[in-house]
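With the numbering used here, letter number 112 in the sequence shown gets 235, and the count goes up by one each step, no holes. Note that CB positions come from ideal geometry on N, CA and C, so glycine has one too. Report on the following structure.
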Amino acid sequence: MASVIGFITYADIDETASDARQISISARLEAELADGRRLILLDHRGWSASGSDIRTHISVEDVVETARVVVGPDEPFEGKTHEQMALDHWDSLARTLKLQGITLNPQELEQLPNNVVLSERLHEWTA
């Protein structure tokens, strides 16, 4: 059985929604397996930022940090705590992996590294 060795979050710029005053970035979370395969766990995540000449206000480090946040546990709502949201998040990822034949408990998943990879277009945009 394949094992998960970490996560990879891919971040890319939506060039049709980005200009000198706004940037829109998509993020996709994948599980990286020991056998080299990758499984998509979360897609259609992302964020936007705006301001005058946004390129001068956003760095690669900002993108990496925010990418990890948007594929991580959501903010609490309806009286839930941060801890409950985190448990729900990791439990959901564990269930998604189980459907692919990979069994890990949520606590094991939470400890795995999450490497963020920026697309070439996004690197160029933030340079």
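Item, Value
"Rounding to the nearest angstrom, what Cα-Cα distance links residue 140 and residue 244 in this structure?", "14 Å"
"Nearest to residue 165 by CA position, among 239, 151, 146, 227, is which residue?", "151"
"Is it right to say residue 173 is buried, meaning 16 or more other beta carbons lie within 10 angstroms of its own, or is it exposed?", "exposed"
"Applying the criterion that 16 or more other CB atoms from any shown protein chain within 10 Å of the CB defines a buried residue, is residue 146 buried or exposed?", "buried"
"Please report the straight-line C-alpha distance between residue 198 and residue 224, rounded to a whole angstrom.", "29 Å"
"When you compare the CB positions of residue 132 and residue 238, do they come within less than 9 Å of one another, or not?", "yes"
"Using only the alpha-carbon positions, how far apart do residue 240 and residue 187 sit?", "8 Å"
"Determine, using beta carbons only, whether residue 236 and residue 213 come nearer to each other than 9 Å.", "no"
"Going by DSSP, what residue range makes up the alpha helix (DSSP H) through residue 139?", "Segment: none, residue 139 is in no alpha helix (DSSP H) and carries neither H nor E."
"Restricting to runs no shorter than 4 residues, where is the alpha helix (DSSP H) found entirely within the segment 185-223?", "205-222"
"Please state whether the Cβ-Cβ distance between residue 125 and residue 158 is less than 9 Å.", "yes"
"Closest by CA to residue 167, which one among 180, 144, 194, 185?", "194"
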